[in-house]
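Only one structure is covered here, and it is reproduced in the block below.
Numbering (my numbering), first residue to last: 556 to 735.
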């Protein structure tokens with residue numbers, strides 16, 4: 556006999572499969588099966604949050620992400636998912652808080668740094684945007700072209716972030732060298 560958590564995990568994996576196929580009703584029903592077995596199963600609450608986000612039921616998505624966070628407060632992905640909802644609702648300060656928690660929990664979370672860079676840019680905080688974009692590119696250098704590294708380096712220099720700017724110039728040089 557399979558233990559309840561293992562069965563709940565299988566249901567959640569099945570639900571994620573339905574979610575990627577766009578079959579939200581089956582995904583939701585399958586998550587509920589997981590939660591029947593293990594009521595405190597955070598992955599299923601997270602998946603339901605993603606389903607609600609996909610159907611633009613943003614307040615419901617927040618509720619489900621909050622339920623998941625009650626169960627697993629140290630899961631960076633949950634904080635990032637919640638941050639994404641707040642961005643959609645243009646609640647930028649709440650989104651920033653969520654993404655900052657995500658990066659503290661998982662310092663190598665490039666997507667969270669990129670999201671922070673986009674938010675800071677949107678609310679006209681270019682120095683903070685550049686700093687976060689730099690952190691994201693340190694983790695995922697393939698996200699930028701050599702010209703984007705050059706532009707970021709110039710922006711970082713503008714804000715006296717010389718060490719970071721030099722690193723961007725070096726990365727650009729690496730791109731140029733790879734093409735050479």
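Cβ coordinates follow ideal geometry from the N, Cα and C atoms, glycine included.
task = Measure the Cβ-Cβ separation of residue 562 and residue 590 and say whether it is below 8 Å.
result = In the chain shown, residue 562 corresponds to position 7, counting from 1. In the chain shown, residue 590 corresponds to position 35, counting from 1. No, Cβ-Cβ distance for residue 562 and residue 590 is not below 8 Å.
ask   = Alpha carbon to alpha carbon, how far is residue 647 from residue 641?
value = The sequence position of residue 647 within the chain shown is 92, counting from 1. The sequence position of residue 641 within the chain shown is 86, counting from 1. C-alpha separation (whole angstroms): 6 Å.
ask   = Got a sec? Which residues, its chain only, sit under 7 Å from residue 604 by beta carbon, not counting five neighbours each side?
value = For this step, residue 604 is matched to residue 49 along the chain shown. These residues qualify, in order along the chain: 616, 619, 620, 623 and 636.
request  = Let me know the secondary structure DSSP gives residue 654 once reduced to three states.
outcome  = Counting from 1 along the chain shown, the entry for residue 654 is found at position 99. Reduced to three states, the DSSP call for residue 654 is helix.
message = Using the Cβ count rule (16 or more neighbours within 10 Å means buried), how would you classify residue 594?
response = Numbered from its first residue, the chain shown carries residue 594 at position 39. When all chains shown are included, residue 594 counts as exposed.
task = Measure from the alpha carbon of residue 650 to the alpha carbon of each residue in 575, 633, 585 and 662, then state which is nearest.
result = Along the chain shown, one-based indexing puts residue 650 at 95. Of the candidates 575, 633, 585 and 662, the one whose C-alpha sits nearest the C-alpha of residue 650 is 633.
message = Please identify the residue among 631, 681, 700 and 712 whose C-alpha is closest to the C-alpha of residue 598.
response = Locating residue 598 in the chain shown gives position 43, counting from the first residue. Ranking the options by Cα distance to residue 598, first place goes to 631.
request  = Could you name the residues of the same chain whose beta carbon sits closer than 7 Å to that of residue 666, not counting the 5 residues immediately before and after it, in chain order?
outcome  = Translated into the one-based positions of the chain shown, residue 666 becomes position 111. Cβ neighbours of residue 666 beyond the five flanking positions: 635.
key: Reduced DSSP secondary structure (H/G/I, E/B, other) of residue 601   = Taking the chain shown and counting its residues from 1, one reaches residue 601 at position 46. Residue 601 falls in the helix class under three-state DSSP.
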